[in-house]
Ligand code: ADP
Ligand code: MG
């Protein structure tokens, strides 16, 4: 931990600490604050030194205020000794730039058809912009985050998913060595999900899939998907049907029963695979809820959907 114990996270950087203070106009009475901190203590102990992979995407990423709160949560997690790894998507941002360039996005079963030009755009947006934005938001609080693409240090080995999708990749292998080294230096890796095949050809890979594969490679304690819905619904059309806890086996049952569609498919598939291969627990959380990561990790509140092996 770099900041002094009596300083807020980001102290030493006035802009950051001002930002933190101004987020809390309706501060709790001191006794309640103390109670919240006391409630957090066992969780802080439990997660100290543990790797937590967070897939960041959807609304949480597009809303400026939520993006700032996300960065604070990640910094706080790291400050209490957790080892967060951020894996991000950027579908809407890729779509935006394609529109501005006059290219019409085309999807087949939820996956973007990716010709050479679309790959170029995806790579520029994910690595050049979205990744930079997240790294910068975290580094407002200190010298903490390092951004990388799956092409860096052979992090993500990719293969083409299917010829008709073009340069849409699947994860063939994860070389977590670079992540281990960054984590050992107490840095926060922020991963853009472009992978490369053995010949150096790049592919765009679904970020949920990459998050699961990285969590597996790191034997992560937790794998978290931040998304734009309150959790996994038993019935997609019924917001009150959130499943609060489910086993990987029962989750596979829901897939087989057709209850999972669209963007939830890669989350659930990668989640089931990660849990079968050593990840301890996964959560699907609502990224629209301010500080949802802190709620999940440091309070008794059960938010979103928890998935256990
Ligand atoms: P993200 O940016 O988080 O990857 P996606 O749009 O790709 O967001 O995936 C989340 C979406 O999955 C939800 O908004 C919802 O429309 C859809 N979805 C499909 N089946 C379910 C389900 N059973 N429960 C919740 N959401 C579901
Ligand atoms: Mg998605």
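In the numbering used here, the protein residues as written are 28 to 336.
Yeah, the Cβ is synthetic: ideal placement off N, Cα and C, and Gly gets one too.
Is the segment 227-245 in contact with the segment 67-81, if contact means three or more CB pairs nearer than 8 angstroms?
By the Cβ criterion, the segment 227-245 is in contact with the segment 67-81, since at least three pairs of Cβ atoms, one from each stretch, lie closer than 8 angstroms.
What span of residues does the alpha helix (DSSP H) with residue 207 cover, start to end?
Locating residue 207 in the chain shown gives position 180, counting from the first residue. First-last of the alpha helix (DSSP H) with residue 207: 204-211.
Would you say residue 255 touches the ligand ADP, meaning its beta carbon is less than 7 angstroms from a heavy atom?
The residue given as residue 255 occupies position 228 in the chain shown. Correct: residue 255 has its Cβ closer than 7 angstroms to the ligand ADP.
Rounded C-alpha distance that separates residue 212 from residue 69:
Along the chain shown, read from residue 1 onward, the residue named residue 212 stands at position 185. Along the chain shown, read from residue 1 onward, the residue named residue 69 stands at position 42. If I take the Cα positions, the gap works out to 25 angstroms.
Would you call residue 126 buried or exposed, if buried means 16 or more other Cβ atoms sit within 10 Å of its Cβ?
Residue mapping note: residue 126 aligns to position 99 of the chain shown, counting from 1. That one is exposed.
Identify, in the order they occur along the chain, each residue of the same chain with its Cβ nearer than 6 angstroms to the Cβ of residue 244, setting aside the five sequence neighbours on each side.
Reading the chain shown from its first residue, position 217 is the one you call residue 244. These residues qualify, in order along the chain: 201, 203.
Segment limits, alpha helix (DSSP H) that includes residue 156
As a first step, residue 156 is located in the chain shown; it is residue number 129 there, counting from the start. Run containing residue 156: none; DSSP gives neither H nor E here.
Going by the C-beta, is residue 235 closer than 7 angstroms to any heavy atom of the ligand MG?
Position 208 of the chain shown, counted from the start, is the residue given in the question as residue 235. Yes.
Using a beta-carbon distance below 8 angstroms, is residue 93 in contact with chain B?
The structure shown contains no chain B; it is built from a single protein chain.
Return the chain-ordered list of same chain residues with a C-beta closer than 7 angstroms to the C-beta of residue 392, the five sequence neighbours on each side being excluded.
The structure shown has nothing for residue 392, since the chain only spans 28 to 336.
May I ask you to verify whether the segment 219-230 touches the segment 281-288, counting CB pairs closer than 8 angstroms and requiring at least 3?
Short answer: they don't touch.
Leaving out five residues on either side along the sequence, give the residues of the same chain with a beta carbon under 7 angstroms from the beta carbon of residue 49.
Residue 49 sits at position 22 when you count from the first residue of the chain shown. Caution applies to residue 49, whose pLDDT of 45 falls short of 50 and renders its modelled position unreliable; the value that the coordinates give is listed next. Nothing listed; no residue qualifies.
Suppose contacts are defined by Cβ-Cβ distances below 8 angstroms. Is residue 335 in contact with residue 308 by that definition?
Start at 1 with the first residue of the chain shown, and residue 335 comes out as number 308. Start at 1 with the first residue of the chain shown, and residue 308 comes out as number 281. Contact flag set, yes.
Does the Cβ-Cβ distance between residue 252 and residue 277 come in under 8 angstroms?
For the purposes of this step, residue 252 is taken as residue 225 along the chain shown, with counting starting at 1. For the purposes of this step, residue 277 is taken as residue 250 along the chain shown, with counting starting at 1. No, Cβ-Cβ distance for residue 252 and residue 277 is not below 8 angstroms.
Same chain, Cβ closer than 8 angstroms to residue 142, five either side skipped, listed in chain order
Start at 1 with the first residue of the chain shown, and residue 142 comes out as number 115. Once the five neighbours on either side are set aside, the close Cβ partners of residue 142 are 193, 194.
Suppose only complete runs of 4+ residues qualify. What are the alpha helix (DSSP H) ranges in the segment 99-159, listed by chain order?
118-127, 143-150
Around the C-beta of residue 218, are 16 or more other C-beta atoms found within 10 angstroms, so that it is buried, or is it exposed?
Walking along the chain shown from the start, residue 218 turns up at place 191. Burial call: buried.
In this structure, how does DSSP classify residue 189 when only helix, strand and coil are distinguished?
Taking the chain shown and counting its residues from 1, the one referred to as residue 189 is at position 162. Note: residue 189 maps to coil in three-state DSSP.
The segment 316-327 contacting the segment 92-109, beta-carbon criterion three pairs below 8 angstroms:
Taking 8 angstroms as the limit for Cβ pairs, the verdict is that the segment 92-109 does touch the segment 316-327.
Beta carbon of residue 165, beta carbon of residue 182: below 8 angstroms?
Within the chain shown, residue 165 is the residue found at index 138, counting from 1. Within the chain shown, residue 182 is the residue found at index 155, counting from 1. Not closer than 8 angstroms, so no.
Give the DSSP-derived three-state secondary structure of residue 89 in the structure shown.
Along the chain shown, one-based indexing puts residue 89 at 62. Reduced to three states, the DSSP call for residue 89 is helix.
Coil, strand or helix - residue 326 by DSSP:
Translated into positions along the chain shown, residue 326 becomes position 299. Coil.
Quick one: what's residue 83 bridged to in DSSP?
Your numbering for residue 83 matches position 56 in the chain shown. Note: residue 83 sits in a beta bridge opposite 115.
8 angstroms Cβ shell around residue 275 - same chain, five flanking residues per side excluded
Reading the chain shown from its first residue, position 248 is the one you call residue 275. Contacts found: 298, 299, 302, 303, 334, 335, 336.
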